[in-house]
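Enquirer: Let me begin by handing over the structure; questions about it come next.
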Amino acid sequence: MQHVTAFSPPQTVPAAPAAGRKPNLWILDGWRDLILYVCTPLVILPIFILAQTRWSAEDIYLFVAAFGAMGHHLPGMIRAYGDRALFQRFKYRFIFAPIFLVVVCTAFFVWDLKGIVLVAFIWGVWHGMMQTYGFCRIYDAKVGSFATLTRRIDFALCGIWFATAVLLSSQRMTDTLESYYLAGGPFIPPGLFRGAQQGLFGLALAVSGVFLANFIWMWIRGKRPSPVKLVLLITSISFWWYCNNIVASVLVGVALFEVFHDVQYLSLVWIYNRKRVETDSSIGGFMRFVFRRSGSLIGLYVGLIFAYGALGYFKSSVGIDVVKRILTGVVTASALLHFYYDGFIWKVREKSTRQSLGIGGGTADVSTKGFFPSWALHGAKWAAVFV
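Dropping the structure here:
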């Protein structure tokens, strides 16, 4: 889940913690945070090892891609169209973006154009990286750590390691370069590619050194970053590397990290939306019904996610080629819409988001006004991606 916009620089509003009050390190509590957000890979790996004794890598990937990857798009959609204040604020985005993406993605798959595959892959890696970065911001905010330099180093660390793991993955790059060349991309000399791999890995090590130096320096100065954030970064980046470069099948690797990503996202969105329903009387209808304090409604929440994900599973079993291509376009549009919406509906820098996540303080949202109108910049970024 992204907690900063995918189309703008990462920002966080300082929230002043109550004086003399010991900060709470956790979103929920220690053991639940470790299971759901921080050390989740340690829970997932044994389950996958057992699953591989019974099912093939392709079957595991198909199940996770349908019921996990696509299914977890639904909660964000519920908030986008169920939160009246949010919908009014971004009404035109919520109306026109789905139409545009469904038409474009369907056209690409019907005409067998590979460019949209590259867009989905790159945006997906960015989306996963931004979720990790977003959790870093939440855990730092919990302890009152808002230093600009720390925030920027965290962003650089997440970005460089996620990119490096992909670039050094032979399986990932084989598939990616195949799509790149089928989309008409110019030839990349092998020497240049190897140089980029070595250079990026060296840069990743350098950024890691800067991160550790800054972490120690801030700790000595008494402006301590969250120790939970440090553990989160170690587990997330290590697991991303494992899924891309160590696991035998890239399909299993994709499925592994997808489950990690989904567990983090779905649990945090449940907490956030439940808090919104409890504190905002303007939220009604289906969103208020689903996100109430009830064990049975958690079951309904999971059931709805699986039901939405069933479209992805159904798509793979369709025998008519044209229908299958259309459904693949719709599934891809759902993914891109999820990436896009998450770029602006879960910003930690906004007061309402901080309050729903239990991050106190802060009275004003950051202004993003610049030389150009926001709509012009937003449109230019869409054009850069799709034109």
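In my numbering, the protein residues as written are 13 to 399.
Every residue gets a Cβ at the ideal spot worked out from N, C-alpha and C, and that includes glycine.
Could you tell me the distance, in whole angstroms, from the CA atom of Tyr320 to the CA atom of Ala153?
Expert: Taking the straight line joining both Cα atoms gives about 33 Å.
Enquirer: Please report the residue range of the alpha helix (DSSP H) in which Thr65 lies.
Expert: Careful: Thr65 lies outside any alpha helix (DSSP H) and carries neither H nor E.
Enquirer: Rounding to the nearest angstrom, what Cα-Cα distance links Met82 and Arg66 in this structure?
Expert: Approximately 23 Å, taken between the alpha carbons.
Enquirer: Return the residue from the list Ala78, Ile317, Arg91 that minimises the CA-CA distance to Pro294.
Expert: The amino acid occupying residue 294 in the given sequence is Ser; Pro does not appear at that position. It is Arg91.
Enquirer: Using CA atoms only, rank isn't needed, just tell me which of Phe269, Gly127, Cys170 is closest to Tyr193.
Expert: When only C-alpha atoms are compared, the closest one is Gly127.
Enquirer: Just to confirm the assignment, what range does the alpha helix (DSSP H) spanning Glu270 have?
Expert: 262-291 is the span of the alpha helix (DSSP H), which, as asked, contains Glu270.
Enquirer: Would you tell me roughly how many angstroms separate the C-alpha atoms of Pro58 and Cys170, rounded to the nearest one?
Expert: One C-alpha to the other measures close to 26 Å.
Enquirer: Taking all protein chains shown into account, do 16 or more other C-beta atoms lie within 10 angstroms of the C-beta of Thr24, making it buried, or fewer, making it exposed?
Expert: Because the pLDDT at Thr24 is just 47, under 50, the model does not fix this residue reliably, and the point stays unresolved.
Enquirer: Which same chain residues end up closer than 7 Å to Phe272 when comparing Cβ atoms and leaving out the 5 residues on each side of it in sequence?
Expert: Same-chain partners within the cutoff: Thr52, Pro53, Ile56, Phe251.
Enquirer: Determine whether the beta carbon atoms of Tyr277 and His84 lie at a separation below 8 Å.
Expert: Yes, Cβ-Cβ distance for Tyr277 and His84 is below 8 Å.
Enquirer: Per DSSP, what kind of secondary structure is Arg305 in: helix, strand or coil?
Expert: Three-state DSSP puts Arg305 in coil, outside helix and strand.
Enquirer: In angstroms with no decimal places, state the Cα-to-Cα distance between Lys327 and Thr340.
Expert: Answer to the nearest angstrom: the Cα atoms are 7 Å apart.
Enquirer: Taking only runs that begin and end inside the region 171-216, name each unbroken beta strand (DSSP E) of 3 or more residues, in chain order.
Expert: Runs found: none.
Enquirer: Measuring CA to CA, which of Val114, Glu270, Tyr254 is closest to Val343?
Expert: Out of Val114, Glu270, Tyr254, Val114 has the C-alpha closest to the C-alpha of Val343.
Enquirer: Take Leu161 as the anchor and find which of Gly80, Leu48, Val222, Phe133 has the nearest alpha-carbon.
Expert: The shortest C-alpha separation from Leu161 is found at Val222.
Enquirer: Please state if the CB of Tyr151 and the CB of Ser279 are separated by a distance shorter than 8 Å.
Expert: Cβ distance not < 8 Å, so Ser279 and Tyr151 don't count as in contact.
Enquirer: Gly94 and Phe298 - do their beta-carbons sit closer together than 8 Å?
Expert: In contact: Phe298 and Gly94 (Cβ atoms closer than 8 Å).
Enquirer: Quick one: what's got a C-beta closer than 8 Å to Leu74's C-beta in the same chain, skipping five residues either side?
Expert: Same-chain partners within the cutoff: Tyr325, Ser328.
Enquirer: How about the region 202-221 and the region 171-179: do they share at least three Cβ pairs that are nearer than 8 Å?
Expert: These segments touch.
Enquirer: Could you give the distance in angstroms between the alpha-carbon of Val437 and the alpha-carbon of Ala97?
Expert: Nothing about residue 437 can be reported from this structure: the residues present for the chain run from 13 to 399 only.
Enquirer: Any contact of the region 106-126 with the region 360-371, i.e. 3+ C-beta pairs under 8 Å?
Expert: Result no; under three Cβ-Cβ pairs closer than 8 Å.
Enquirer: Determine the DSSP secondary structure at Asn36, reduced to helix, strand or coil.
Expert: In this structure, Asn36 counts as coil in the three-state DSSP scheme.
Enquirer: Around the Cβ of Val264, are there at least 16 other Cβ atoms within 10 angstroms (buried) or fewer (exposed)?
Expert: It is buried - the Cβ of Val264 has at least 16 other Cβ atoms within 10 Å.
Enquirer: Quick check on Arg101: does DSSP put it in helix, strand or coil?
Expert: It is helical.
Enquirer: Just to confirm, is the Cβ distance from Phe79 to Leu268 under 8 Å?
Expert: Taking 8 Å as the Cβ cut-off, Phe79 and Leu268 do not qualify as a contacting pair.
Enquirer: The alpha helix (DSSP H) spanning Gly341 covers which residue range?
Expert: 333-354 is the extent of the alpha helix (DSSP H) around Gly341.
Enquirer: Would you decide whether Lys241 is buried or exposed? Buried here means 16 or more other CB atoms lie within 10 Å of its CB.
Expert: Per the 10 Å Cβ criterion, buried.
Enquirer: Looking only at C-alpha atoms, which of Pro201, Trp231, Thr144 sits nearest to Ile246?
Expert: For the residues Pro201, Trp231, Thr144, the minimum Cα distance to Ile246 belongs to Thr144.
Enquirer: Just tell me which of Tyr254, Gly296, Val281 has its CA closest to the CA of Arg184.
Expert: The residue with the shortest Cα to Cα distance from Arg184 is Tyr254.
Enquirer: Express the C-alpha separation of Val330 and Pro110 in angstroms, rounding to a whole number.
Expert: Rounded to the nearest angstrom, the two C-alpha atoms are 23 Å apart.
Enquirer: Could you tell me the distance, in whole angstroms, from the CA atom of Asp333 to the CA atom of Ile47?
Expert: Using only the alpha carbons, I get a separation of about 42 Å.
Enquirer: Taking the continuous alpha helix (DSSP H) assigned at Val330, which residues delimit it?
Expert: Neither: Val330 is in no alpha helix (DSSP H) and is coded neither H nor E.
Enquirer: In terms of alpha-carbon separation, which member of Ala168, Trp231, Glu70, Val129 lies closest to Ala218?
Expert: The shortest C-alpha separation from Ala218 is found at Ala168.
Enquirer: Can you name the start and end residues of the alpha helix (DSSP H) that Gly140 belongs to?
Expert: Note, Gly140: alpha helix (DSSP H), 127-154.
Enquirer: Going by alpha carbons, who is nearest to Val137 out of Leu312, Ile371, Val266?
Expert: Checking every option, the nearest Cα to that of Val137 belongs to Val266.
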